[in-house]
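Chains as they are written, first to last, in this note's numbering: chain E, 416 to 895; chain W, 3 to 626.
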């Protein structure tokens with residue numbers, strides 16, 4: 416079953432090149448994957464071995480193409496991937512005649528992401544992510560909007576740099592563990608001497624960090640998402656970017672001591688994401704770059720949970736990982752929804768310049784409703800998934816707080832990070848106000864409401880936000 | 003299943019159905035929502051009559067042993083508060099039926115009212131701080147949606163945004179406070195905090211200071227929601243919403259949530275009563291250091307006084323009432339800060355009835371005068387709409403604390419607390435506010451209902467229909483009788499009977515304040531066609547709300563926007579240009595090298611990059 420989850424999108428992409436109708440094939444593959452993913456996740460609760468497969472590729476060192484639902488985090492990431500993929504194949508406005516390129520590459524991005532989250536072998540974990548990046552670059556460079564070439568170059572260079580640093584870190588990590596197999600089981604059972612940990616931790620933070628758009632390695636993200644076709648922005652910001660966080664959390668036990676050295680650095684950087692990028696976001700004049708920056712900003716909150724985990728040291732912080740994973744899921748779904756909706760705004764009005772928009776809610780009330788809902792989700796309104804994640808992150812920041820000793824660095828970081836909740840409300844409500852409220856601008860005169868077909872992917876993502884928002888235990892029960 | 007759950011389910015269901023399914027059948031949505039609020043009122047009354055504390059909860063988010071719970075705790079305070087919320091809510095729904103009859107988005111309006119009822123119920127029945135916080139945000143959302151009901155209007159859209167953002171600033175502090183309390187007491191549930199408070203003994207100085215800081219952080223939430231200085235600026239603007247909304251949310255219930263929450267918090271520390279040992283009372287209360295109490299009381303009285311001054315020079319009927327609400331909320335906050343929780347809750351309870359009445363009355367006036375809100379364009383409405391005028395007058399008397407009205411009893415208790423627990427520094431401003439209250443309210447009454455019609459709209463005004471005046475009459479009854487022990491003893495949350503002493507300084511100053519205010523208002527405004535007091539420097543300062551809004555606008559421009567611009571600039575130059583520019587230049591050099599070697603286009607590079615990376619991994623892994 417897990418094998419099918421990875422290879423259905425790949426097979427569909429091949430079928431599209433071979434001439435099968437592009438959009439239909441992609442939609443069918445997306446829906447099958449969604450169903451399979453939901454089944455896999457729900458069966459995992461009773462049978463954690465569900466669908467595991469291993470094909471040995473190399474014996475010295477031991478490398479295997481091996482898929483399994485390694486733990487609850489993999490399950491949640493799988494769910495995120497299949498949900499966003501199913502919505503992404505419906506979204507965006509493919510230029511006529513480019514369907515093959517558009518849909519096959521979209522499927523390949525998802526295949527890469529799902530492959531990475533299901534691999535329990537370090538080699539394939541890395542390789543699948545690389546596989547997903549290539550179609551991302553291609554789609555931005557060829558079918559993107561506005562200055563797509565520059566954006567494509569920027570993201571390629573940045574992520575290549577990130578991947579190289581990461582690779583160096585992973586190689587050092589593997590050599591330091593002195594094990595002969597690259598499976599997570601073997602690796603995580605090993606230990607790394609303290610001196611090496613410090614260096615490995617730094618490389619992992621920079622490598623993964625660049626992929627996650629950790630400040631100050633973030634400036635590729637906003638222009639790339641703004642130029643990317645909607646499905647690419649949805650899949651990259653929503654799913655693929657979580658690869659770095661997933662990797663950091665997965666490998667954390669091996670370098671937990673080494674990470675201690677970088678705690679303060681990490682805190683400064685994550686506050687850079689939240690506060691610095693938050694102010695950058697405030698200054699955006701376009702809806703798409705605003706959303707792109709906001710996505711960068713919100714990564715800071717996941718890093719905050721990781722910082723809480725690092726700071727806890729031997730004491731442990733049982734809230735941090737569930738908090739981080741819940742927020743990863745929530746952020747992925749909400750940002751995908753926002754990019755899908757921003758695309759609809761552009762389709763209806765022909766512009767994403769906030770100055771040129773206004774009063775769209777009168778013409779397109781359903782679009783306004785869902786955009787408002789997604790916006791509220793992203794600024795952490797209770798009842799929607801992001802709040803469930805954020806509140807757990809903030810709690811994890813205070814889980815090891817000892818009032819008799821006063822605030823530690825993580826508590827101070829949490830308090831500063833809370834100000835970001837105000838900042839994100841400002842830019843999101845400002846954008847909503849400018850786009851949907853007030854008198855009708857000339858750009859919206861001929862705008863139409865969402866059609867029923869357009870509603871399908873939006874409804875799916877909204878449902879996911881509501882489910883986890885209303886009852887976070889749905890996700891948390893996977894993360895025990 | 004406990005019937006109390008219906009208090010949550012009915013309104014949220016009618017909100018969802020009304021908004022999503024009935025947005026074409028407006029009238030049905032309106033009736034559905036009204037039926038749901040009537041049902042919740044009946045349930046609340048039955049809970050009050052049963053007089054039994056009930057409690058239930060489920061785990062909403064669990065990580066290991068840590069649980070965030072959603073549930074209810076229907077104790078006496080919550081049951082009384084539910085009567086206020088569902089009672090005023092019900093009357094506002096009924097009043098809205100004719101008031102919003104012709105509105106194109108009636109379904110959305112009623113759905114949002116239901117959403118508000120749901121959220122407010124959550125705050126009242128909550129048994130822990132995290133749940134309070136969640137519903138706290140949700141009332142903020144419903145308030146945002148309802149203020150911005152006519153979102154096509156720039157001013158309404160801006161006011162909605164301002165309300166939400168100002169509250170967010172308060173909630174920033176509130177969340178920090180909750181996290182700190184969690185750290186200090188090891189629990190976020192009210193029972194857990196009370197348990198900690200009764201067993202902790204004496205605290206170290208650092209712990210005491212931390213607890214005080216946490217208290218003030220939590221109070222930030224109340225500053226936002228109950229519109230206390232310096233976050234009061236959103237409430238007057240919130241009058242952009244439909245008037246029944248102002249009555250329910252921005253006068254009677256939501257804005258009182260801050261006081262309710264603070265009282266909830268402080269009663270956690272009054273462990274003596276709960277355990278039947280009154281002497282333990284003071285020890286627990288003194289856990290919270292006096293600087294926290296004093297700060298709260300000072301913010302309350304300053305808000306009260308400033309808002310009362312601002313109210314004297316407003317010309318918009320709803321704005322006058324809005325500043326009056328600010329001022330009365332300031333009273334309640336001051337009483338909380340002076341450790342007079344009972345007095346504060348009592349005033350909250352009586353104020354809800356007569357302030358809702360004043361707003362609905364103003365709604366009737368505005369409705370009759372074709373959406374005219376300037377009091378100087380009204381006049382002589384007593385003859386045109388007698389029921390509205392008389393009910394409004396009675397509500398004014400109650401607000402002014404005229405003897406034997408509901409407001410009289412609660413204001414007595416506020417004055418008592420100010421005098422006995424605060425001393426002259428609090429008592430004198432409290433009496434001054436009482437004078438100003440009578441003055442600006444009778445200014446309103448004289449200008450609107452007496453004299454001659456000053457506009458065509460006022461000339462053509464006539465009495466509103468029964469669906470509008472019945473709620474007015476019902477509220478008038480409450481504005482008169484709600485304060486008597488027989489009624490209040492049953493319904494008022496945390497009611498504590500205090501016999502009125504007719505010889506006391508509180509009583510004499512209360513009567514004195516009423517007479518002085520009334521005489522001044524009569525002299526300056528009875529049968530006058532213009533405001534003799536306007537035009538001077540002082541009146542300008544009052545009318546412009548001490549220029550606080552302008553100051554904030556400037557502050558936001560200078561700090562937030564300027565910082566954002568500067569940061570944006572540096573983001574481009576420093577991080578985009580120098581820091582990473584070097585990197586991308588070298589990488590671009592790499593790229594150029596590859597381009598010369600290979601196909602040169604992006605796809606080629608990307609493919610090469612992928613293949614190369616794979617190759618490198620293969621090779622390096624082999625070496626090890």
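Beta carbons: idealized from backbone N, C-alpha and C, even for Gly. All figures in this text were calculated on a predicted structure; none of them were measured in a lab.
Beta-bridge partners of residue i, as assigned by DSSP
| i | result |
| --- | --- |
| residue 470 (chain E) | E:480 |
| residue 59 (chain W) | W:73 |
| residue 857 (chain E) | Paired residues: none, contrary to the question. |
| residue 318 (chain W) | W:376 |
| residue 503 (chain W) | In DSSP, residue 503 (chain W) forms no bridge with anything. |
| residue 65 (chain W) | W:68 |
| residue 191 (chain W) | W:130 |
| residue 363 (chain E) | An answer regarding residue 363 (chain E) cannot be provided, because it is not within the stretch 416 to 895 covered by chain E. |
Helix, strand or coil at residue i [DSSP, three-state]
| i | result |
| --- | --- |
| residue 561 (chain E) | coil |
| residue 761 (chain E) | helix |
| residue 598 (chain E) | strand |
| residue 701 (chain E) | strand |
| residue 536 (chain E) | strand |
| residue 489 (chain E) | helix |
| residue 631 (chain W) | Missing from the structure shown is residue 631 (chain W); chain W here goes from 3 to 626 and no further. |
| residue 329 (chain W) | helix |
| residue 242 (chain W) | helix |
| residue 533 (chain W) | coil |
| residue 89 (chain W) | helix |
| residue 691 (chain E) | helix |
Residues near residue i by beta carbon distance below 8 Å, same chain, minus five either side
| i | result |
| --- | --- |
| residue 188 (chain W) | 194 and 198 |
| residue 701 (chain E) | 641, 767, 768 and 769 |
| residue 700 (chain W) | Here chain W has residues from 3 to 626 only, and residue 700 (chain W) is not among them. |
| residue 606 (chain E) | 592 and 669 |
| residue 790 (chain E) | 753, 843, 844, 846 and 847 |
| residue 543 (chain W) | 549 |
Close beta carbons around residue i, own chain, < 6 Å, minus the five adjacent residues each side
| i | result |
| --- | --- |
| residue 504 (chain E) | 441, 442 and 445 |
| residue 470 (chain W) | 97, 100 and 366 |
| residue 851 (chain E) | 775, 776 and 783 |
| residue 416 (chain W) | 333, 337, 345 and 349 |
| residue 827 (chain E) | none |
| residue 490 (chain W) | 497 |
| residue 467 (chain E) | 483 |
| residue 374 (chain W) | 459 |
Contacting residues, own chain, Cβ-Cβ under 7 Å from residue i (five flanking each side not counted)
| i | result |
| --- | --- |
| residue 384 (chain W) | 391, 451 and 452 |
| residue 953 (chain E) | There is simply no residue 953 (chain E) to check, as chain E begins at 416 and stops at 895 in what is shown. |
| residue 184 (chain W) | 190 |
| residue 62 (chain W) | 70, 71 and 72 |
| residue 20 (chain W) | 31, 34, 35, 109, 112, 113 and 116 |
Exercise for the section: Could I get the ranges of all uninterrupted alpha helix (DSSP H) runs contained in the region 399 to 447 of chain W, with 4 residues as the minimum, in chain order? Expected result: 408 to 419
Exercise for the section: Examine the Cβ distances between the region 86 to 104 of chain W and the region 38 to 47 of chain W and report whether three or more of them are shorter than 8 Å. Expected result: yes
Exercise for the section: Would you be able to state if there are at least three C-beta pairs under 8 Å between the region 828 to 848 of chain E and the region 686 to 699 of chain E? Expected result: yes
Problem - alpha helix (DSSP H) segments (min. 4 residues) lying fully within the region 785 to 834 of chain E - result: 800 to 813
Exercise for the section: Taking 8 Å as the threshold, find out whether the region 532 to 552 of chain W comes into contact with the region 660 to 668 of chain E through three or more Cβ pairs. Expected result: no
Problem - Segment contact flag, the region 771 to 789 of chain E with the region 847 to 857 of chain E, C-beta cutoff 8 Å, min 3 pairs - result: yes
Exercise for the section: Enumerate, from N- to C-terminal direction, the unbroken alpha helix (DSSP H) stretches of 4 or more residues contained entirely within the region 116 to 189 of chain W. Expected result: 131 to 149 and 156 to 187
Practice task
State whether the region 289 to 296 of chain W contacts the region 213 to 221 of chain W, with contact taken as three or more CB pairs (one from each stretch) at a distance under 8 Å.
Solution key: yes
Exercise for the section: Please determine if the region 609 to 622 of chain E and the region 557 to 570 of chain E are in contact, where contact requires at least 3 C-beta pairs separated by less than 8 Å. Expected result: no
Practice task
Report yes or no: do the region 419 to 435 of chain E and the region 504 to 522 of chain E share at least 3 C-beta pairs separated by less than 8 Å?
Solution key: yes
Exercise for the section: Run through the region 336 to 396 of chain W for me and flag every whole alpha helix (DSSP H) of 4 or more residues, listed as ranges in chain order. Expected result: 343 to 370 and 383 to 386
Practice task
Quick one: which unbroken alpha helix (DSSP H) runs of 4-plus residues sit fully inside the region 432 to 472 of chain E? Chain order, please.
Solution key: List check, alpha helix (DSSP H) in window: 437 to 459.
Practice task
Decide yes or no for the touch test of the region 202 to 210 of chain W against the region 315 to 332 of chain W: beta carbon pairs closer than 8 Å, at least 3 of them.
Solution key: no
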